[in-house]
Ligand code: HAM
């Protein structure tokens, strides 16, 4: 293959490899996720990456951007229409029903971390393959304590990842009983003949009026600002639900703002919806205008799949976005608390014995780094330096003959020759 042909084989637009040098950042997220989910007792679920397209079409809403424009859908050879998952909540509900997970203790607290796929125009914080960590509490009733628990978990994870100036926006979009009323009010308001709505909003007015509040187009902003707010149309039950959710947040000292225009981009939500942002400044002092995460209650989703009605609430954070902020804030993610030794061999005889010596150290829990494929002393020392090892073990012809090894402190170059028999003890003493 020619070099020019390889140009066409680069990773697809908006999709990125996670390279070795980035893994430390991802490990930090994995580690804190593991710890927080043990702390709050969530159980892991890994739903499939491919689903039948209807799993999303029937639940996220046919007229939402995600379903209408952003899904990667293809037909398999056997004629199945499959989609790469654009999100995981619908998949989790599908799995919950398919495997009878309602028979496990209820409500079921689940979490996940994995890739999602949306065919969006790539830009800052927006990719075609991105990752979410998400939390769902399924099969409980609609107690607002669960809404607060989901928000608490996400807030704590952001804190543990050292995200500064976290801001939380909350709204309620009502239930089956009161939302139609609100829809009607919005339609009446937006039908004003003097409004010059953008093309998307004209369509939203016909197909999905709540989404009018999500319009980012400049010309529509003044209409949005004056639009009726959902809180004025909530039924008594939904008002109380929101009030109780907010009271829990007050008790937890989690600050929030009510955002009347927060409606979220997926249709399965009812009552509580929320989004997390950061007010921290980026490297050029700029504000991040993307949400770090979002979620809400989805009490009708299980029913939409044919299950018995059951309450559910959840939320997900976008990992790439969180990492972008962490990197700008120079969060320390180094997990290298353990000291390491670098094994250096000189000569054929020493090299032959090296592997088994290294094994004996590793079996004792010592982290040994080596580059046995390199024979030059200089190259091995440079590798040790690159790795930032604390000690070098130097094993040459003379040492192999005398059954000894040199332990060199790489920070001050002080070195000592010790008998091989004592190597493990001497190394462990230094690594303490
Ligand atoms: P979402 O708001 O669509 O919600 O996505 C959650 C988060 O994923 C966003 O706040 C953002 O951080 C990240 N995200 C979304 N799209 C992209 C993209 N193209 N590139 C990079 N990051 C992105 C959901 O997906 C719901 N399933 C959340 C949920 C869970 N609701 C209830 N349970």
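In my numbering, the protein residues as written are 7 to 438.
Even glycine gets a Cβ: it sits at the ideal position worked out from N, Cα and C.
Using a Cβ-Cβ cutoff of less than 6 Å, which residues in the same chain neighbour residue i once the five nearest sequence positions on both sides are dropped?
i           : result
residue 145 : 108, 112, 113, 114 and 316
residue 175 : 263, 265, 268 and 281
residue 437 : 345
residue 93  : 122
residue 305 : 148, 276 and 317
Which residue wins for smallest C-alpha separation from residue i, given the options the options?
i           : options               : result
residue 177 : 129, 165, 277 and 419 : 277
residue 170 : 351, 288 and 395      : 288
residue 247 : 181, 324 and 281      : 181
residue 407 : 353, 31 and 71        : 353
residue 395 : 371, 344 and 383      : 344
residue 340 : 34, 253 and 22        : 34
residue 121 : 138, 128 and 89       : 138
residue 313 : 106, 253 and 235      : 106
residue 217 : 200, 243 and 188      : 188
residue 290 : 334, 26 and 73        : 334
residue 309 : 102, 9 and 358        : 102
residue 1   : 59, 141 and 90        : Because residue 1 is not part of the residues shown, which for the chain are 7 to 438, the question remains open.
residue 172 : 401, 284 and 404      : 284
residue 90  : 9, 404, 125 and 431   : 125
residue 417 : 390, 200 and 409      : 390
residue 440 : 198, 203, 185 and 168 : Since the displayed the chain opens at 7 and closes at 438, residue 440 lies outside it and no answer follows.
residue 239 : 63, 271, 201 and 183  : 183
residue 432 : 347, 404 and 293      : 347
residue 59  : 231, 46 and 88        : 88
residue 271 : 426, 435, 258 and 321 : 321
CB-CB under 7 Å to residue i, same chain, minus the five flanking residues each way: which ones, in chain order?
i           : result
residue 42  : 159, 162, 163 and 166
residue 213 : 69
residue 414 : 397, 398, 400 and 421
residue 366 : 430
residue 426 : 409, 410 and 411
residue 255 : 154, 157 and 262
Say the cut is 8 Å; is the CB of residue i nearer than that to a heavy atom of the ligand HAM?
i           : result
residue 323 : yes
residue 72  : yes
residue 117 : no
residue 302 : yes
residue 297 : yes
residue 271 : yes
residue 138 : yes
residue 142 : yes
residue 327 : yes
residue 405 : no
residue 95  : yes
residue 126 : yes
residue 332 : no
residue 281 : yes
residue 133 : yes
residue 122 : yes
residue 320 : yes
Within 10 angstroms of its Cβ, does residue i collect 16 or more other Cβ (buried), or is it exposed?
i           : result
residue 273 : buried
residue 224 : exposed
residue 303 : buried
residue 85  : exposed
residue 236 : buried
residue 26  : exposed
residue 77  : buried
residue 229 : buried
residue 38  : buried
residue 48  : buried
residue 203 : buried
residue 368 : exposed
residue 251 : buried
residue 71  : buried
residue 15  : exposed
Below 8 Å CB to CB, which residues in the same chain sit around residue i once its five sequence neighbours on both sides are set aside?
i           : result
residue 100 : 53, 57, 61 and 311
residue 307 : 65, 95, 96, 99, 274 and 318
residue 206 : 221 and 223
residue 128 : 19, 20 and 134
residue 325 : 32, 35, 119, 136, 137, 138 and 139
residue 215 : 189, 192, 193 and 196
residue 387 : 350 and 398
residue 401 : 349, 350, 351, 352, 356, 359, 360, 363, 411 and 412
residue 323 : 138, 139, 140, 160, 163, 164, 282, 298 and 299
residue 234 : 188, 191, 192 and 195
| message | For the structure I just gave you, are there three or more beta carbon pairs, one from the region 117 to 136 and one from the region 61 to 70, closer than 8 Å? | response | no
| query | Using 8 Å as the threshold, is the region 368 to 387 in touch with the region 320 to 338, meaning 3 or more CB pairs across them? | reply | no
| task | Say whether the region 119 to 138 touches the region 19 to 38, bearing in mind that this needs 3 or more beta-carbon pairs closer than 8 Å, one atom from each stretch. | result | yes
| message | Quick test of the definition: if touching needs 3 or more C-beta pairs under 8 Å, does the region 242 to 260 touch the region 147 to 155? | response | yes
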